[in-house]
Amino acid sequence: MQWSDRIGRRIKLRDLHVLQAVADAGSMTKAAHQLAISVPVVSKAIAELEHTVGVPLLDRSPQGVEPTAYGLALMHRSVIAFEELRQGIKDIESLADPTSGEIRIGTTPPLSTSFLATVIDRMTRRHPGIVFRVMAGGAEPRPQSLIERRADLLVCRMYKRLDDALSFETLFESPYVVAAGKNNRWFRRRRIQLAELMNETWTLPPPDNSFGPFVVETFRASGLEFPRRAVQSTALEMRANLLKTGRYLAIVPEFWLQFPEPHPFVRKLPVELPLASGPIGVMTLKNRTLSAAAQLFIDTARKVAEPLVTRK
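Take my numbering: the last position of the sequence shown gets the number 313, and nothing is skipped along the way.
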């Protein structure tokens, strides 16, 4: 049987939507109620799908229904298909008005509060109709969110070789630095070895959380242990407030001290860190047409990054 006969003409988007609803509800009756259709209509849609693909999509039991491995595989691809259709409608809307629409951005907490906030602020001043949805996770946003179409682009640091399905455009370079409040006593020194700071009080992420392993490796590469006198917290805002007091030290990316403007209370110390720092840039999915609003975001990000590039 030809693909067009088996799939193109026989699988209906509505039936795929019904399958997803049944799987989420765990019951055909509940799904029918949520979709405002009858149970026989739901049952017929599932039966036709199973007949078309030739395998069972749901396991039935007195406790309800759940998707089989075949059902999960079909639903995974269906989500991507529906997302592509949704993106198609968004693209059409953006063509009519490229200064509106929605942009979904994956990033890290330091980038979201500094560089990304600067880019978004510049855009919203000129194009208030654009909606931004920012997902700030751990030390690295998940490229899988691009592949699964949950994000339009990622603003991140590139550490590893990219998957062949992804593309990365470098915007600027930004190393990691040791930072302290501007009234910290160590600012009187022109050059400092990391080992000299081990008896100071630090504010750092936990060793086993997000950026923590990178910090642990930084001290280890210098022959040092993770500081014992350290306030460990996953909250970037808390670490920033402790830095302001001048009593604490931290390891931060330099861009965090530069955006949206030079930090008024925190400065970097003259310490050279053995911590790898890949370029900061925009990651996208290859062969996927970005909306006009997303492309406008990338153009704006390039302009915001220009001072850091020309400064090198």
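Positions of the beta carbon are idealized from the N, C-alpha and C atoms, including for glycine.
| Check | Outcome |
| --- | --- |
| Need the endpoints of the beta strand (DSSP E) that Q145 sits in, please. | That residue, Q145, is in no beta strand (DSSP E); its alpha helix (DSSP H) goes Q145 to I148. |
| Going residue by residue through the stretch 55 to 101, where are the continuous alpha helix (DSSP H) segments of at least 4 residues, counting only ones entirely within it? | 70 to 97 |
| Could you check whether P176 and C157 sit closer than 7 angstroms to each other, using their CB atoms as the reference points? | no |
| Check this for me: beta carbons of P271 and R192, under 7 angstroms apart or not? | yes |
| Which one of K91, I148 and I93 has the shortest CA to CA distance from H77? | I148 |
| Excluding five sequence neighbours on each side, which residues of the same chain lie with their C-beta closer than 6 angstroms to the C-beta of M2? | In this predicted model, M2 has a pLDDT of only 46, less than 50, meaning its place in the structure is not dependable enough to derive any value. |
| Check I315 in the structure and name its three-state DSSP category. | The requested residue 315 is not part of the displayed model; the chain covers only 2 to 313. |
| Quick check on S168: does DSSP put it in helix, strand or coil? | strand |
| Give the straight-line distance between the Cα atoms of T109 and A137, rounded to the nearest whole angstrom. | 5 angstroms |
| For the candidate residues Q296, A32, I38 and V23, whose alpha-carbon lies nearest to that of E170? | Q296 |
| Would you list, in sequence order, the uninterrupted beta strand (DSSP E) runs of no fewer than 3 residues that lie entirely inside the stretch 226 to 254? | 231 to 233 and 249 to 254 |
| Are the beta-carbon atoms belonging to L50 and L58 less than 7 angstroms from one another? | yes |
| Classify K91: buried if its beta carbon has 16 or more other beta carbons within 10 angstroms, exposed otherwise. | buried |
| Identify every residue that forms a DSSP beta bridge with V135. | I106 |
| Span of the alpha helix (DSSP H) holding A277? | Unbroken run through A277: none, as it is neither H nor E. |
| What does a CB cutoff of less than 6 angstroms around T30 pick up in its chain, not counting 5 residues either side in sequence? | V40 |
| Once DSSP output is grouped into helix, strand and coil, what is the label at K13? | coil |
| Once the 5 residues before and after E218 are set aside, which same chain residues still bring their CB inside 8 angstroms of it? | L276 |
| Do T53 and I12 have their C-beta atoms within less than 7 angstroms of each other? | yes |
| In the DSSP assignment, find the unbroken beta strand (DSSP E) run with G182 in it and report its ends. | Y177 to G182 |
| Under 6 angstroms Cβ to Cβ from R15, same chain only, skipping five residues before and after it: list those, please. | none |
| Give the straight-line distance between the Cα atoms of R303 and L117, rounded to the nearest whole angstrom. | 11 angstroms |
| Apart from the five residues just before and just after L309, which ones in its own chain have a Cβ nearer than 6 angstroms to its Cβ? | F173 |
| Under DSSP, the beta strand (DSSP E) around T204 begins and ends at which residues? | T202 to L205 |
| With 16 as the cutoff for other CB atoms within 10 Å, does Y249 come out buried or exposed? | buried |
| Looking at the strands, I want to know which residues DSSP matches up with V267. | G182 |
| Mind checking M124: buried by the 16 CB within 10 Å criterion, or exposed? | buried |
| Where L237 and P68 are concerned, what is the direct C-alpha to C-alpha distance, given to the nearest angstrom? | 41 angstroms |
| Tell me whether L155 sits in a helix, a strand or coil according to DSSP, three-state version. | strand |
| Assuming Q88 contacts R127 under a Cβ cut-off of 8 angstroms, what Cβ separation, rounded to an integer in Å, is found between them? | With 8 angstroms as the limit, Q88 and R127 do not qualify as a contact, their Cβ atoms being about 24 angstroms apart. |
| Check this for me: beta carbons of V178 and T204, under 7 angstroms apart or not? | no |
| Look at P144 and L112 and say whether their C-beta atoms are less than 7 angstroms apart. | no |
| Return the chain-ordered list of same chain residues with a C-beta closer than 6 angstroms to the C-beta of S292, the five sequence neighbours on each side being excluded. | K91, D92, S95 and G102 |
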